[in-house]
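Those protein sequences? They're chains A and B, same order as listed. Heads up, the first sequence is in the numbering used here, so the first residue is 808 and it goes up one at a time. Heads up, the second sequence is in the numbering used here, so the first residue is 4 and it goes up one at a time.
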Amino acid sequence: MSDPLLKIESVTKKFGGFTALSNVSLKVHTGERFGLIGPNGSGKTTLINCISGTLQNDGGEIFFDGHDLNGMKPHQRTAAGIARTFQIPRPFHSMTVLDNLKIPIEYVSGIGIGQSEIAEQAMSILETMGMAEKANQETLGLTQIELRKLELARAIAAKPKLLISDEAMAGLTGNEVDEVLEILIGFNEQGMTIIMIEHIMRAVMHFSQRVICLDAGELIAEGKPDEIVKDKGVERAYLGV
Amino acid sequence: MTTVLRYKFELGCVLVLVLAFVLTQIGVNNFFFFAGFAVVQFVMIATAWNILGGYGGYINFGTAGFLGVGSYTAIALIQWSDVSIVPQIIIGALMAGLLGLFIGYFTLRLRGVYFAIATLALAIVLETFVNNWDFVGGAAGISILPPRNPELLGVMIVDRKGAGIFDNNTEFLFFLISAMAIFSVWIARTIERGKLGRGLNAIKDNEEAAECMGVPTLRLKLVATTVSGSLMGAAGAIFPNYLTFVDPLTAFNLEFAINALAMPMIGGTFTWIGPVIGALLLGTVQQIAIVTISSELNLLILGVVLVIFVVAAPHGIVGWFMKKN
């Protein structure tokens, strides 16, 4: 098999005396749909923060597409091809929905292209997401699903090789979850590698080709979705039995 | 015609500058230029402040520090070898810009109120430094005599007998600060409408999200502090010529910091016209209050107006009008 797109080797992150991640190693291959699960506080978001650069890992190494990410700033990692969403949507609230998408296009995926083309590209992503009619709306009036979609759309606008979706479906209804899943699978089919962090098991198991489970900062299981749901360690982590 | 419309802002700038020049030539009372200088200087300071504070959302309380560096660079140059006013302004701007870059590098990792406190401390540290620097007059201050007949590139600028472009120094300084203020507004507007301005806006809205969306936040903030600082420095460098007596208390006066943030907030921080309106309005009211009531009333007026605006029109005059439409 070719070199993995993302290779994490013995990554450790400590907050004072608390070890949030200890010796986590994993590989994600190009074009893969990868699920990341684990109970609350197990270190999922910390791992994502270490990959996207909003936190620097204390030990271990992260390689992405030939780059050694250690010491790279978040914006440099985005330029290298990693884009993420935030668990709690963080829209640019003084801008319209369309202008939100223009930022990653102008700064990452479309450096040097003209404003009208930037607007076209942003609009086409909004259309794919089914949000075209909201383009000129302020983000303040958006509903929960619209905010989640905007968060995804903005990350996708950076045209990443690797998209990390941090609980993009939290708080959504069943139909809305299906809608977001469909969008993500669509982008995956176009070649985008996706890591999904999710608490909605139905979604993450349906979506992922491979899943890992974190518990208390340690990787406790790795495998195909149906293997993971049967794993005793995973059961213990979630149910405590 | 479309070309004219496209450059209507630039044409407007030229028109305002021509108007400022014509005013100095038609025998208007000199006090007008003396008071007008203070108002236009505030347009420049407020515009400079707004580049970091309004677009980027970083509240700078150290305006007085940047102005003071400009003023004292000019004084040091005069003391050193009677350098003329244009190089004074350019070098003053450079020094304040360097200070902005330096301070920015060390303080821009701080957010919100911590950044504000760090910049406030900057002004105090610099004032203490100048207080103890005898070459530029120390705590006692220093008198600056503007050159009697300044020339620029062989052209006589000021001459009381009418041989120069201006009849007196105040008229010349009023014209010069007008040109500088227009230049500042042009820079602010260019930033606002460009990639830098959009990046700064993203930083203001959510810095972490901006960084993760590829915006090099630290670099953008450093550019903003440097540009903002150097414009403040330029506004400060012209000050000694206007005041003719400068002491650290005047040059590092905290009132500048308060005005610099109150004016954009009253006018509206998200677009270039906001600080201009705020500064023209508040600056004029303050100048009128100085003459008609008392110079001590300024801060009271400022405070009351600021409280009213924060409560009644948090997006300033511009925001208020935009909502009405």
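Just so it is clear, CB atoms sit at the ideal spot from N, CA and C, and this is done for glycine as well. Predicted, not measured: the structure shown is a model, and the values here were computed from it.
Kindly list, in the order they appear in chain B, the residues whose Cβ is closer than 9 angstroms to that of residue i.
i: M902(A); result: R201, N204, A205 and D208
Taking residue i as the query, report the chain A residues whose CB atoms sit under 7 angstroms from its CB, ordered along the chain.
i: K198(B); result: E913
Here's the rule: buried if 16 or more other CB atoms are within 10 angstroms of the residue's CB, otherwise exposed. What is residue i?
i: N244(B); result: buried
i: W83(B); result: exposed
i: F138(B); result: exposed
i: Y61(B); result: buried
i: F324(B); result: exposed
i: A1028(A); result: buried
i: K207(B); result: buried
i: F822(A); result: exposed
i: A315(B); result: exposed
i: V17(B); result: exposed
i: Y58(B); result: buried
i: V310(B); result: exposed
i: Y914(A); result: buried
i: I94(B); result: buried
i: A975(A); result: buried
i: M235(B); result: buried
i: I296(B); result: exposed
i: F841(A); result: buried
i: D85(B); result: exposed
i: T228(B); result: buried
What would DSSP say about residue i, mapped onto helix, strand or coil?
i: N134(B); result: helix
i: V86(B); result: coil
i: L970(A); result: strand
i: G115(B); result: coil
i: M1003(A); result: strand
i: K814(A); result: strand
i: G32(B); result: Before going on, a small fix: residue 32(B) reads as Asn here, not Gly. Correct three-state label for N32(B): coil.
i: A1028(A); result: strand
i: K224(B); result: helix
i: M938(A); result: coil
i: N328(B); result: Low local confidence applies: a pLDDT of 47 at N328(B) is under 50, so the model's placement there is unreliable, with the coordinate-based value given in what follows. Three-state result, N328(B): coil.
i: K164(B); result: coil
i: A213(B); result: helix
i: L785(A); result: A query on residue 785(A) cannot be resolved here, the shown segment of chain A reaching from 808 to 1048 and no further.
i: I918(A); result: coil
i: G866(A); result: strand
To which residues of the same chain is residue i closer than 8 angstroms at the C-beta, ignoring the five residues directly before and after it?
i: N328(B); result: Its pLDDT being 47, under 50, N328(B) is placed unreliably in this model, and the value from its coordinates should be taken loosely. Around N328(B): no qualifying Cβ.
i: F40(B); result: T173, L176, F177, I180 and Y245
i: T852(A); result: Q894, D973 and I1004
i: A926(A); result: L905 and K909
i: T946(A); result: P898, F899, H900, M902, T903, V904, N907, L954 and L957
i: L155(B); result: S87 and V89
Among residues of its own chain, excluding the 5 on either side of residue i, which ones have a beta-carbon nearer than 7 angstroms to its beta-carbon?
i: I261(B); result: L305
i: V67(B); result: Checking the sequence, you will find Ala at residue 67(B) rather than Val. Same-chain partners within the cutoff: A126, F255, N256, L257, F259 and A260.
i: G144(B); result: F248, V249 and D250
i: G217(B); result: none
i: L129(B); result: G68, G71, V72 and F255
i: S233(B); result: A96, L97, A99, G100 and G103
Who are the neighbours of residue i on chain B, taking C-beta pairs under 8 angstroms?
i: I910(A); result: R201, G202, A205, A213, M216, G217 and V218
What does a CB cutoff of less than 6 angstroms around residue i pick up in its chain, not counting 5 residues either side in sequence?
i: G1024(A); result: T826, A827, L828, S829 and G850
i: Q91(B); result: A77, L80 and A240
i: G978(A); result: Q951
Closer than 8 angstroms, CB to CB, is residue i near chain D or not?
i: V987(A); result: In the structure shown, chain D cannot be found, because the protein chains are A and B.
Scan the stretch 956 to 982 of chain A for residues whose Cβ lies nearer than 7 angstroms to a Cβ of chain B and list them as they occur along the chain. Going along the stretch 956 to 982 of chain A in chain order, one finds R961 and A965 with a Cβ nearer than 7 angstroms to chain B.
What residues in the stretch 932 to 944 of chain A have a beta carbon less than 7 angstroms from any beta carbon of chain B? The residues in question: there are none.
Going along the chain, which residues of the stretch 852 to 884 of chain A sit with their C-beta nearer than 9 angstroms to a C-beta in chain B? The stretch 852 to 884 of chain A vs chain B, Cβ under 9 angstroms: S859, G860, T861, K880, P881, H882, Q883 and R884.
Please list, in chain order, the residues of the stretch 887 to 898 of chain A that have any C-beta partner in chain B closer than 8 angstroms. Against chain B - using a Cβ distance shorter than 8 angstroms - the residues of the stretch 887 to 898 of chain A are A890, R891, F893, R897 and P898.
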